[in-house]
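First to last, the protein sequences are chains E, Y, C and U. Position 14, counted from 1, in the first sequence is what this note's numbering calls 12; the numbers after and before it change by one each time, with no gaps. Position 165, counted from 1, in the second sequence is what this note's numbering calls 163; the numbers after and before it change by one each time, with no gaps. Position 5, counted from 1, in the third sequence is what this note's numbering calls 85; the numbers after and before it change by one each time, with no gaps. Position 163, counted from 1, in the fourth sequence is what this note's numbering calls 243; the numbers after and before it change by one each time, with no gaps. Beta carbons are placed, not taken as given, at the ideal position from N, Cα and C, and that holds for glycine.
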Amino acid sequence: MNKTIAFASEAVAGIGDGTTVMIGGFGGSGAPIELIHALIDAGPKNLTIINNNAGNGHVGLAALIEQGMVAKMICSFPRSADPKVFTDLYLAGKIELEIVPQGTLAERIRAGGAGIPAFYTPTSYGTELAEGKLVAEFEGRHYVQERWLKADFALIKAELGDPLGNLTYRMAARNFNPLMATAATRTVAQVTRIVAAGEIDPEQVVTPGIFVDGIVEVPDPEQEESLNREGAVYP
Amino acid sequence: MNKTIAFASEAVAGIGDGTTVMIGGFGGSGAPIELIHALIDAGPKNLTIINNNAGNGHVGLAALIEQGMVAKMICSFPRSADPKVFTDLYLAGKIELEIVPQGTLAERIRAGGAGIPAFYTPTSYGTELAEGKLVAEFEGRHYVQERWLKADFALIKAELGDPLGNLTYRMAARNFNPLMATAATRTVAQVTRIVAAGEIDPEQVVTPGIFVDGIVEVPDPEQEESLNREGAVYP
Amino acid sequence: MSAALDTLKLSSAQIAWRAAQDMEDGAYVNLGIGFPEMIAKFQPEGRDVVYHTENGVLGFGEAPAAGEEDWDLINAGKKAITLKPGAAFFHHADSFAMVRGGHLDLAVLGAYQVAENGDLANWSTGKGGVPAVGGAMDLVHGAKRVAVVTDHVTRKGEPKLLKRCALPLTGLGCVTRVYTSLAVIDVEDGRFVLREKLPQLSFEDLQSVTGAELKIHGDVADLAVPEL
Amino acid sequence: MSAALDTLKLSSAQIAWRAAQDMEDGAYVNLGIGFPEMIAKFQPEGRDVVYHTENGVLGFGEAPAAGEEDWDLINAGKKAITLKPGAAFFHHADSFAMVRGGHLDLAVLGAYQVAENGDLANWSTGKGGVPAVGGAMDLVHGAKRVAVVTDHVTRKGEPKLLKRCALPLTGLGCVTRVYTSLAVIDVEDGRFVLREKLPQLSFEDLQSVTGAELKIHGDVADLAVPEL
């Protein structure tokens, strides 16, 4: 079994117009910048993107949006130090936004991966984000029904990967990545280093390979925060 | 912060009559034998026990049941190589049984720990185990509503523990232990070795200390399987 | 008829061998406790299969030698196992996320009864005793293919493949293929479709020990297995 | 009145200092993005507090020196952090299981408005622009205590503590204590209960800049904070 993919361009080749894509990361940490840039190079349109944020500066997710490739964002916090790209398009009515509380976003993605079509959460009960949603009472408290969230593709960033697709992460770059890996029809991870099967201790695997379809080695991956401090623009 | 408890007897001291206790393990792997035996020594009555199984032989959970301390078992599979203790009491109508599919049991415990009062699962739809439960249709398929499961106490087994309560596990002894740690008002873990804070790599913590109230060091813990092969009986 | 079937029919090992031939290279597979576990022995050469067990291991291998067991390393049947390179451990909720979330390619289970609509009964004989379900009701949902390995008839010679199950159900409409001691049968659109049968067995004889109509779509191949 | 309050009132640092005094030894605490983050600076000597951040870190410490940042190690405000011994990493679902599951002892948040029934509005001004909620709606549920740090009035001098919130709600009945620039106020049984006020401020003056009735149960202590 060898899930290794040689080039990022090959990894994103199946992402056509209208695809729903989960992109890992929380702000810049854990954002698969090289996979996103490969996706920009590929150029599909009308994407629905699921990410906690809506990009920052002019690289990564912000650049994807800037290229006009994104029809809809599903996220919790589309503000950032420099959210100009998304803000302009949103205020011009050129991009759709579904705002989801962060914990609900995480749980909906987990539910998608775990075969749980719906669950109840106290989050957002009584607020405008619960409007139109089912409410139920359990043990004297009110909860909102939320649905699972799945995607056609997940593009994630990990630290080590083996040919079976087992993954580890690096510090807080873990965030949404292991969840998104489980909730997409096809999951591709960029990893800092590919190691032989067995080199990742079975106790330390965070994402078991069953959730992963492809891995691409990207040594020394770019950090969104550093790129933005340098004023980088992609492409 | 130091969550270390010197003796197993002290760790189970708060478990009074009528308490609901989650006990980790899948069969013998991951079963906190020494904590269970301390609980037998303490002798509370009318316990409700949540475990995947219902004990094996005459040690650990089987011994707890044999002592007449358990009023109700919530489990998926109360059969084993030598389930005589539970079987006799059950057939005599002396112990109550709630049978829960294994994946539903795991998910209900996770939900208890994650503040999710209810969720939908395809498991058991159309079977007698779904009788009396709410059913809903999502995307053309039927699902059963299941409720969270919580406990007053969780007794679990881990491998390494630090004074903050961070835990790692050993191989397939992980099973229900990390889930139960999250779903009880008070969680106590027996660990093979207590190490200093910082000795467990933050990447390798499986149960973060926030879920753990006490840890007891039990070097060279007993294995239920080995005890039963020796014909051991407790007390 | 019954006596003739007994001499004709495949052994459990042969049923397991046949089921093993359908495991695809790269498949993630859960083999149910008991009889289905035997399938791993017949994994075809050159095909990589990753085995999943409900209690939190992916990528396990054969049983260790006697005396070499580590009782923290067991499968769902509580038998000692070993690890292959690239194995992973995880907790029970993640393990059943793999199952329920549709990440397994194949689950193979035993059966008391299978109905032509794909219903499966394999957890309770409906009599007294202690009920025990384990992971059976979870495993029938989520895997892309849910196959059954079974004798074609009960010990008393009664059909196990039926129009409707009489015993308590494990899952509705979940079985996609049945490997029996006499035939290989798919469940398609609520009907049994015969794919392979023992060459020595006439269609009529097979039908006579099957409790629901066997449809034929296209060729019926010979069910050919080695001596084992 | 407004001018007098401006000279009297506590600085943000002083409000943060006061809130920090209530963090108990051994507490698990989430400090919201922005102003609440400042509370960590005033953690009392001798008390161990473990900080949680939504993006998957427990047990983090102060910001690193400029130039020492690792951008894989940030908090929910996307600021670089460091680790204390005994820290742990986990994914977002586990992180919010900690929040929603009631495992935090304390969450401290900012506020646009707080109502006497404990309702909180802190995520949307209700005007146009891009809506963004982040983890606020999750954090208001689950923590054993949900406290707010805020100026007592808006920049225009309007009360932020009200009978009912006018702005879009973050959560219903969730706030348990409010630390303002003038007072410490608990929410109990749907009413504001005054616990501490600046000694130089009369009860009547405090009430006049508060949009709901302040109840007094027992003593009202002096709100005493150091120069900072």
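Below 7 Å on C-beta distance, what does residue i contact in chain E?
i, result
"Lys158(U)", "Gly25"
"Thr250(U)", "Thr125"
"Phe169(U)", "Met169, Ala170 and Arg172"
"Leu111(U)", "Neighbours of Leu111(U) on chain E: none; closest Cβ ~16 Å, over 7 Å."
So which residues of chain U does residue i contact, with C-beta pairs closer than 9 Å?
i, result
"Pro30(Y)", "Per Cβ cutoff of 9 Å: no residues; Pro30(Y) is ~21 Å from chain U at best."
"Gly55(Y)", "Within 9 Å Cβ-Cβ: nothing; Gly55(Y) doesn't reach chain U, min ~35 Å."
What do you get for residue i, buried or exposed, if any count of 16 or more other CB atoms within 10 angstroms of its CB means buried?
i, result
"Glu129(E)", "exposed"
"Ala296(U)", "According to the sequence provided, residue 296(U) is Ile. The question's Ala does not apply to it. It is exposed - the Cβ of Ile296(U) has fewer than 16 other Cβ atoms within 10 Å."
"Gly159(E)", "buried"
"Glu260(Y)", "With chain Y covering -1 to 233 only, the question about residue 260(Y) has no answer from this structure."
"Pro116(C)", "buried"
"Arg235(U)", "exposed"
"Thr185(E)", "buried"
"Lys148(Y)", "buried"
"Lys158(U)", "buried"
"Leu89(Y)", "exposed"
Could you please give the first and the last residue of the uninterrupted alpha helix (DSSP H) stretch that includes residue i?
i, result
"His172(C)", "His172 to Arg180"
"Met217(C)", "Ala216 to Leu219"
"Ile107(Y)", "Gln100 to Ala112"
"Asn226(E)", "Glu222 to Arg227"
"Glu238(C)", "No alpha helix (DSSP H) holds Glu238(C); DSSP gives it neither H nor E."
"Arg98(U)", "Ser92 to Gln101"
"Glu8(E)", "Ala6 to Ala9"
For residue i, which residues in chain A fall below 9 Å Cβ to Cβ?
i, result
"Asp160(E)", "No chain A is present in this structure, whose protein chains are E, Y, C and U."
So, with DSSP's three-state summary, where would you put residue i?
i, result
"Lys92(Y)", "coil"
"Ala29(Y)", "coil"
"Lys58(C)", "Absent from the model: residue 58(C). The displayed extent of chain C is 81 to 308, so no value can be given."
"Glu142(C)", "coil"
"Pro165(U)", "strand"
"Arg271(C)", "strand"
"Phe84(E)", "helix"
"Ile21(Y)", "strand"
"Pro116(U)", "helix"
"His297(U)", "coil"
"Arg172(E)", "coil"
"Gln193(C)", "strand"
"Lys121(C)", "helix"
"Ile208(E)", "helix"
"Gln65(E)", "coil"
I want to verify the contact list: residues of chain C whose CB lies under 8 Å from the CB of residue i, in sequence order.
i, result
"Ile208(E)", "Tyr108, Val130, His132, Leu138, Met178, His183 and Leu184"
"Tyr88(Y)", "Val210"
"Ile192(Y)", "None at all; the shortest Cβ gap to chain C is about 19 Å."
For a contact meaning CB atoms closer than 8 Å, what does residue i contact in chain E?
i, result
"Gln202(Y)", "Glu201 and Gln202"
Let's see if you can read the secondary structure: which residues bound the beta strand (DSSP E) around residue i?
i, result
"Leu45(Y)", "Leu45 to Ile48"
"Asp187(Y)", "Rather than Asp, the amino acid found at residue 187(Y) in this sequence is Ala. Note, Ala187(Y): beta strand (DSSP E), Ala182 to Ile192."
"Asp150(E)", "Ala149 to Gly159"
At a CB-CB cut-off below 8 Å, which residues of chain Y make contact with residue i?
i, result
"Gly315(U)", "Examination of residue 315(U) is not possible in this model, given that chain U is present from 81 through 308 alone."
"Asn197(C)", "Residues of chain Y passing the Cβ test: none, with the nearest at roughly 11 Å."
"Leu153(C)", "Ser27, Met169 and Ala170"
Residues of chain C with CB closer than 7 Å to the CB of residue i, please, in chain order.
i, result
"Asn164(E)", "Gly166 and Ala168"
"Gly101(Y)", "Phe176, Val179, Arg180, Gly215 and Asp218"
Name, please, each residue of chain U whose Cβ falls closer than 7 Å to the Cβ of residue i.
i, result
"Thr180(Y)", "Ala177 and Gly181"
"Gly212(Y)", "Per Cβ cutoff of 7 Å: no residues; Gly212(Y) is ~12 Å from chain U at best."
"Gly196(Y)", "Pro165 and Gly166"
"Thr119(E)", "Arg180"
Heavy atom of the ligand ATP less than 7 Å from the Cβ of residue i, yes or no?
i, result
"Asn135(U)", "Inclusion of the ligand ATP in the displayed structure is not the case, the ligand content being empty and no account of it being possible."
So which residues of chain Y does residue i contact, with C-beta pairs closer than 7 Å?
i, result
"Ile119(C)", "Residues of chain Y passing the Cβ test: none, with the nearest at roughly 20 Å."
What does residue i reach in chain E if we use C-beta pairs closer than 9 Å?
i, result
"Tyr232(Y)", "Ordered by position in chain E, no residue passes the 9 Å Cβ test against Tyr232(Y), which lies about 30 Å from the chain."
Quick one: which chain U residues come within Cβ less than 8 Å of residue i?
i, result
"Ile97(E)", "Pro211, Ala212 and Val213"
*the segment 169 to 177 of chain E contacting the segment 7 to 18 of chain E, beta-carbon criterion three pairs below 8 Å*: no
*Can at least three beta-carbon pairs, one atom from the segment 299 to 307 of chain C and one from the segment 89 to 105 of chain U, be found at a separation below 8 Å?*
no
*Any chance the segment 195 to 203 of chain E sits against the segment 161 to 177 of chain C, with 3 or more Cβ pairs inside 8 Å?*
Per the Cβ contact rule, the segment 195 to 203 of chain E is in contact with the segment 161 to 177 of chain C (3 or more Cβ pairs under 8 Å).
*At least 3 beta-carbon pairs within less than 8 Å: the segment 168 to 184 of chain C vs the segment 26 to 39 of chain Y*: no
*asked:* Any contact between the segment 133 to 150 of chain Y and the segment 198 to 207 of chain C? By contact I mean 3 or more CB pairs, one from each, below 8 Å.
replied: Verdict: no, contact absent.
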